[in-house]
Structure formats: C-alpha cells, structure tokens
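Worksheet: the structure to be examined is printed underneath.
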Amino acid sequence: MKKFLFVFLTLITFCFKDVTLVYSQGFNSIHSPDGINVIAAGNSGKIFRSSNSGNTWASYTIPGVDLKYVTSVENDVWIAGSDGKIYKTQKVNSTINSYVVNASVSINSVSFINANTGFVCGNEGSVYSTVNGGINWISKNSGITSVNLNSISFLDAMKGVAVGNNGMVYLTENGGLNWILQNIGTTRNLLKAKYFNDGIAVVGEYGTLLIYQSNTWTSVNSRIVTDIRGVSGLNINDVHICGGGGFIRNNQNGNSRFYNFELNPMMANLVDIFYYDSNTGFAVSSLTPAIIKTSNGGTSWQLTAGSTVTYSWQSKLTGGSGIGNNLCMHPFNRDVMYVVYGSTVYVSRNRGDNWTNIATVTGGGSAHSFYVSPLDTNIWVCAITSSPDRITRTTNYGATWTTVLSKNFSNYGQPLEMDQNNPSNYYFAPDGGGFYRSTDNGASFTEISGNYPFRSPCDIIVTWDSSDVIYIGDGVTGSGQAKIFKTTNNGVNWAEMYAVASSETPSLSNSVFNKTTVYSTEWGGSGFYKTTNYGNNWSLTGSTGSSGWGSDVCHEDPNVVLKGTYGSPTWLTTNAGANFISTSIGGGCGAGIIFPEKGYLLAMQCSGLFKMNITYSVMTNVNLNLNASSVPESFNLYQNYPNPFNPETRIKFDLPVSGNVKLKIYDQLGNEINTLVNGEINAGSYEISFNAAELSSGVYYYSLVTSAGTKSKKMLLMK
2 MKKFLFVFLT
12 LITFCFKDVT
22 LVYSQGFNSI
32 HSPDGINVIA
42 AGNSGKIFRS
52 SNSGNTWASY
62 TIPGVDLKYV
72 TSVENDVWIA
82 GSDGKIYKTQ
92 KVNSTINSYV
102 VNASVSINSV
112 SFINANTGFV
122 CGNEGSVYST
132 VNGGINWISK
142 NSGITSVNLN
152 SISFLDAMKG
162 VAVGNNGMVY
172 LTENGGLNWI
182 LQNIGTTRNL
192 LKAKYFNDGI
202 AVVGEYGTLL
212 IYQSNTWTSV
222 NSRIVTDIRG
232 VSGLNINDVH
242 ICGGGGFIRN
252 NQNGNSRFYN
262 FELNPMMANL
272 VDIFYYDSNT
282 GFAVSSLTPA
292 IIKTSNGGTS
302 WQLTAGSTVT
312 YSWQSKLTGG
322 SGIGNNLCMH
332 PFNRDVMYVV
342 YGSTVYVSRN
352 RGDNWTNIAT
362 VTGGGSAHSF
372 YVSPLDTNIW
382 VCAITSSPDR
392 ITRTTNYGAT
402 WTTVLSKNFS
412 NYGQPLEMDQ
422 NNPSNYYFAP
432 DGGGFYRSTD
442 NGASFTEISG
452 NYPFRSPCDI
462 IVTWDSSDVI
472 YIGDGVTGSG
482 QAKIFKTTNN
492 GVNWAEMYAV
502 ASSETPSLSN
512 SVFNKTTVYS
522 TEWGGSGFYK
532 TTNYGNNWSL
542 TGSTGSSGWG
552 SDVCHEDPNV
562 VLKGTYGSPT
572 WLTTNAGANF
582 ISTSIGGGCG
592 AGIIFPEKGY
602 LLAMQCSGLF
612 KMNITYSVMT
622 NVNLNLNASS
632 VPESFNLYQN
642 YPNPFNPETR
652 IKFDLPVSGN
662 VKLKIYDQLG
672 NEINTLVNGE
682 INAGSYEISF
692 NAAELSSGVY
702 YYSLVTSAGT
712 KSKKMLLMK
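Every letter in the sequence shown is one number past the one before it in the working numbering, and letter 439, counting from 1, is 440.
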C-alpha cells in the first residue's frame, strides 16, 4: 500500500504527472528533521518533500527565487533564499511563510540552534541573527569583510563558523557580536562548514578540506581537483563529505585522509549531504532531482522513489588512427583535455564537448601515447609510429618536434608512461624486450633493464606514491597468452606475475586512493581482472562478454571503473566490479578511456571521441493541478472522470477557504488504499490524477475531508 503526503504553498502552480519525467535541474540542499520527513530545495524555487523517508516525493515551487539551503529544528524548517528572505514551514502539513532578512543580498545559508535562535549568512559579508524564529533579523557581521559568505554553522547560541570565497573562515564565540578571521592557508572558495561538538569541518573548491580541532586548523590532502560541496556527520571523527561528479567519502575508523568511499549510484555532481543519524542519510545533485539515500551509514546508497538512470555516449569529435590512448588532462585546468588522432593534436576547453585542432606532430604516423608536462605545459611528449617508431617531443606547444628515441613498439598499445609521482620521469617499453627511462622530462631515454623478454608491451602504469613498483601489460595477437609483469626496483628487474589464456593485456589502471589495487583488461577474452595485493595475485572481477581494451579508474572514487572494448559496448562498474552496466558506443575500438570524475567520462574510439551523457528520471503516480485564477464559491467534490477507468482517472474538487485537506481512496470494505492529499491547501480548484495500476478491478470510494465537511463518491476500476 502506498501513501502520498502533499504540502502546498500560497499562490503556487503545482503539477506532478504520472509519467517518467527527465529534469535538467536538481537541488542545492536537503535536510530531514526526523529521518522520515525530508525536504530538498533548489533553484527556481524548486522543492521536493517526502513524508516517508524518500519513498515518494511531492514537488512544488516558490516562483522567482533560488533556494540555497535548508535546515530544521524539531518541527520547524527554514530555507534560505536568493531574494534576501528566509522561508519558514513545518516538517509536515504547513504552508510556507517568508520573512525579509535583507532584500538586497542573497541569503546563502541558515543555522538554527532552537526554535527561536538562528543565524544566516549571505553575499557582501552579511550575517544576521534572530531570536524569534526568523520573524525579525539583526546584523551580526562585526569583523567580516565584504566577501560572499557561502555557509554558516553554529554549535550553540555562542559558538559559530562562517565561510566564504577567497578562503575566508571566521569564528565567533559570542553569538556573532565579533568574528575573528582565521589563517587557514588557502584562497580557494569555501562552500560548506559544519560545527560539531568536538571540532569543525570546512570544504570547498578543488578538493579543499579543512579540519579544526584543539584550536588548530589542518588541511587534508583530498587528492582530487573536483569541488567538495557537502559536509555532514555526527562528530569530527564521523564526517561525511560529497562533491565532484558524485563521490561520498568519510573519515570513520580513524581514516583521517577520508579514504572510506561510500558506494552510491549518483553520476552527477553532489552538492549537499545530510545525515540524520548514524544510519540514515540523504544527498542531492544540482543537475538532477533524483535524490539518493542510505539506510546503513553509507555502506551503500540507493536512488529514491523509483528514480532510474540512463547512460548513452555522444559523439564529440570525428578522427582516425585512434588506436592508442592519447587522452591527456591539462595538469592544472580541470576543464581542459587533449587528444591526438593520427598526428593531429586537439584540445577541448569545456570538458570534452568541443574540440579544436591546435598542432600536428611532424613526421606523420599514428600516436599511441601523449603527455603534457606538469613541469612546463609547453612540453609535450608523444610515442608515434614511423619507420622505425619513435618518441618525439616539443618544447613550444607543438610548433616544432624533436625525435628523442627511435625504436619499434606495439602497434595497438600505449608504450610510453609519465611517472605521476615524479613527472620529470618517463618510461618506455618497446617490442622485443628492454625498458627505458627518462629523468629529464622526456629529453632523453636510457635503457635500464637490459634485454628483458617482453614480447609486445601494451600498457605501463606506475604505482601512486611508490615509483619503484611498475606494471606492464604484455601480449601478442594470436599468442594465446596475455601477461602482466611487475618490477619493485623502478624497472631494473621484472617478474611475470600473471598470465591468462588470451592474446593481450591491452590496459592496466589504478587509483591514487589504494596502492594495492590494479585492474587489467584482456583482448581475446571478456574477463576484467583485479589485484588487491600489489599485483601478487590476480582474480577475475567480472566477465563482461566483450573483448577488453582501454580502462580507467575514476580519479575521484576508486570504486568506479570504466572498461572499453574492441568495438562496442563499454562497461561501467560503480561498486568495484561487483556488477557492470553496459552502454553501446560507436567509433570502433575503445582504446582510450579517461575518467576524471563520476559525471565526466570520455572514450577515445578508433574513429571518434565520445562523451558519456547521463540522465535521470523521477517517477510518481500522482498529478495535482491547482487553478488559482479564481476562488470557488462553494465546497464541491466532483465525479471522477473517466468512470469506469483503467488505470488512470481524475478527481476534481473546489475549496472556498484555505485549510487542512485529506483526500483518500478506500476499497469496498472500507480499507484505506491511498492517501492522495494530506496537508494545508489554499482556496482554489484542484484536479488530481490517480493511477490505479497496482489495484485489482472493482468498486472503490474516494473521500474528501475539509473544515467545511466531508464528501465521498464511488468509482469503478475495470481492467
């Protein structure tokens, strides 16, 4: 049995249809007073409310305002608005009232201590406090400059923190009478703060994460370049953060680096997270109204209310001779990406949506590896086919090129690798043995391993934080053996660690967050392999049914991995290989994969570059329309139409005065089947769409209860 609770606004238009809806807009904030009643708020006045812990949602709108943040204390709920107002409602069955704080600034955050005492912050250094539940506000920003403040959090009526742009953090210990600027060592914009009983957590752009304990600020190296936008939890040793393309992390069990990643299905930016208790939490994205929830403390998250996700690949660039993995991120600009097709270098400055031809690798051929140096972005190093094949280098952004080393390599692999731990070092593995290293940013290479019997190396990866440990995936078409080799002394000596009955190991991938884990693909077989002990042992983590090629571990969440194939489709896992999602893709072989964040995936196919498009659908089975153009003169409940019906019908009623309204469905025995409306509704004419797809044929009754009386009517469902 399903029940639906709806709470409405004054003078709004409410429409929620019984079809699958695809939205482009999500929410900025989410909160729950009790783990059962939940409210999410976003731009253009968008609000979702649930009275059953997210099993179903009701949607409505406050026109003309972006809703920035939502919080609650017991029965009271407050929402911060971009129009300088605070909107106040109850957790259930209440209209929403607005109170002006400062009409000339955006109110970005709100924090209440009890039903009366609260604080808000906003643009231009605005901080205000109230002692009567938000009705009246007094400025409390002494000591704060005219910086835009994005978040405010109070522990009690005296102790609070406010954070804003340009790395500004302010503390108060006297209820906002004075604020003290903190020296926290960053100029990044700070987006959220949470004041716990035993400390403060602050998050911001480009992975900024700050912890305040014992009067000391500590910066946590989050090892991501995406933004951290949400923070919640129970105490300073139980902090949950979210952001980027959809990651959620925590510091439980003493993990001060926040390397506990919470499995969740969201593949879009997460901008807010709220934990009601140790088990129940909710999180939202600004890009989709699909809300996720955990009931087990973050061990796993699920989409709520029957929401679904669709994955598809969109062509962004047509090219040729794209057999290698030539995708390369700009070292310092997270929106810039490079790719080489044949000998043509392209750049995208908007996350892979549009591409421009910026250079040509002289001498022709087909590139197989390409790097932009973090030490000097004018320096590019490329492995490209020729007679013989060669490593070539430019020091002037691709204007001229110099051959560094001439030696044949695999015509289907990525034989060149930059050491991410020390980017002045490069490694090269040619056909027929030998291993070469450059220690001068690719200007020269020296053989360091002797003629070690690699056959035709396909890929090289270096272990994060440990350059001594390097892996090589090796193979020859038709050989019947795909091999993996490992060195523990920076390439001098090698040992064969694994062989599988295929032909090649075309791709290896690893993560900054877990040095022990590496993934490998196989060509000639559909297996996806994994080691969790530095490559000493390998096991099949999943068989995808497609011959493997490129792969990459998401750069912000090690549980999320994308595998390309020699053809179509691609395979995505969001739970470290427990299961995979298949998505078809064109363009031939999937040699190149790069996965900067959960919502940002690029695949370099042989004849074209593709970007994954991810859309979410939110489903409901109730539709309510309010006609507020006129107020009816009398209380009426109309006969549903059509009647008989299958499976959908519409119920119309008139309310001459505002008040509490209940509209329920009953079977012939008087058992309650559905609650369609239960809340405060303003005067007007309403029409509800009721879908009875889950019910059996028969006679049902619908009853409307208001302060003006009760009316009931009979309807017939015929299937």
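Where a beta carbon is used, it is the ideal one built from N, C-alpha and C, also for glycine.
**Request:** Assign Gln-91 to one of three DSSP states: helix, strand, or coil.
**Result:** strand
**Tyr-207, DSSP secondary structure in three states** = helix
**Prompt:** Between the C-alpha atoms of Ala-684 and Pro-657, what's the straight-line distance to the nearest angstrom?
**Reply:** 5 Å
**Message:** Can you find the residues in the same chain that come closer than 7 Å, C-beta to C-beta, to Leu-638, ignoring five residues on each side of it along the sequence?
**Reply:** Phe-654, Leu-705, Lys-712, Lys-714
**Segment contact flag, the segment 684 to 695 with the segment 613 to 620, C-beta cutoff 8 Å, min 3 pairs** = no
**Asked** Do you know how far the Cα of Ala-163 is from the Cα of Asn-103?
**Response** 18 Å
**Prompt:** With respect to the beta strand (DSSP E) encompassing Gly-476, which residues constitute its N-terminal and C-terminal limits?
**Reply:** 467 to 476
**Asked** Expressed to the nearest angstrom, what Euclidean distance is found between the alpha-carbon atoms of Ile-586 and His-369?
**Response** 21 Å
**Spatial distance of Tyr-701 from Leu-717 (CA atoms)** = 6 Å
**Message:** According to DSSP, simplified to helix, strand and coil, what is Ala-629?
**Reply:** Note that Ala-629 has pLDDT 47, beneath the 50 cutoff, so the model's placement of it is unreliable and the number below is only indicative. Residue state, collapsed to three classes: coil.
**Message:** Give me the DSSP bridge partner(s) of Phe-429.
**Reply:** Leu-417, Tyr-437
**Request:** Kindly indicate the opening and closing residues of the beta strand (DSSP E) around Glu-598.
**Result:** 591 to 598
**Prompt:** Does the Cβ-Cβ distance between Ile-324 and Cys-590 come in under 8 Å?
**Reply:** yes
**Asked** Nearest to Ser-521 by alpha carbon, out of Ser-407, Ile-462, Gln-26?
**Response** Ile-462
**Request:** Report the residue from His-556, Tyr-530, Asn-560, Asn-537 whose alpha carbon sits nearest the alpha carbon of Ser-548.
**Result:** Tyr-530
**Message:** Please report the distance separating the alpha-carbon of Thr-386 from that of Ala-41.
**Reply:** 54 Å
**Message:** Does Tyr-24 come out as helix, strand or coil in the three-state DSSP assignment?
**Reply:** The predicted model places Tyr-24 with a pLDDT of 35, which falls under 50 and marks its position as unreliable; any figure quoted below should be read in that light. Tyr-24 falls in the coil class under three-state DSSP.
**Prompt:** What are the residues that DSSP puts in a beta bridge with Tyr-499?
**Reply:** Ile-485
**Asked** Helix or strand or just coil, what does DSSP make of Glu-125?
**Response** helix
**Prompt:** In three-state DSSP terms, what is Gln-606?
**Reply:** strand
**Asked** Mapping DSSP to helix, strand and coil, what is Gln-640?
**Response** coil
**Item:** Buried versus exposed call for Ile-293 [16 or more other C-beta atoms within 10 Å across all chains shown]
**Value:** buried
**Residue burial classification, Pro-416 (beta-carbon count within 10 angstroms, cutoff 16)** = buried
**Asked** Does DSSP classify Asn-661 as helix, strand or coil?
**Response** strand
**Three-way DSSP call (helix, strand, coil) for Gly-43 in this model** = coil
**Prompt:** For the candidate residues Val-128, Phe-446, Asp-35, whose alpha-carbon lies nearest to that of Ala-384?
**Reply:** Phe-446
**Message:** Between Thr-363, Gln-315, Asn-661, Pro-332, which has its C-alpha nearest Met-353's C-alpha?
**Reply:** Note on residue identity: the sequence assigns Gly, not Met, to residue 353. Ranking the options by Cα distance to Gly-353, first place goes to Gln-315.
**Asked** Do you know whose CA, among Ser-54, Ala-592, Thr-575, Asn-560, lies nearest Ser-569's CA?
**Response** Ala-592
**Message:** Short of 8 Å in beta carbon distance, which residues of its chain neighbour Asn-117, apart from the five on each side in sequence? Order them along the chain.
**Reply:** Thr-131, Val-132, Asn-133, Gly-134
**Prompt:** Under 8 Å, do Gly-321 and Tyr-342 count as touching if we go by C-beta distance?
**Reply:** yes
**Message:** Out of Cys-459, Ser-544, Tyr-70, which one is the CA nearest neighbour of Ser-30?
**Reply:** Tyr-70
**Asked** When burial is assigned at 16 or more other CB atoms within 10 Å of the CB, is Thr-478 buried or exposed?
**Response** exposed
**Prompt:** Whose C-beta lies closer than 7 Å to the C-beta of Asn-175 among residues of the same chain, with five residues either side of it excluded?
**Reply:** Met-159
**Request:** Report the rounded CA-to-CA distance for Thr-533 versus Leu-68, giving the unit in angstroms.
**Result:** 44 Å
**Request:** Can you have a look at Asn-256 and say buried or exposed, based on whether 16 or more other CB atoms are within 10 angstroms of its CB?
**Result:** exposed
**Message:** Alpha carbons only, please: which of Ser-140, Asn-647, Phe-113, Ser-127 is nearest the one belonging to Leu-156?
**Reply:** Phe-113
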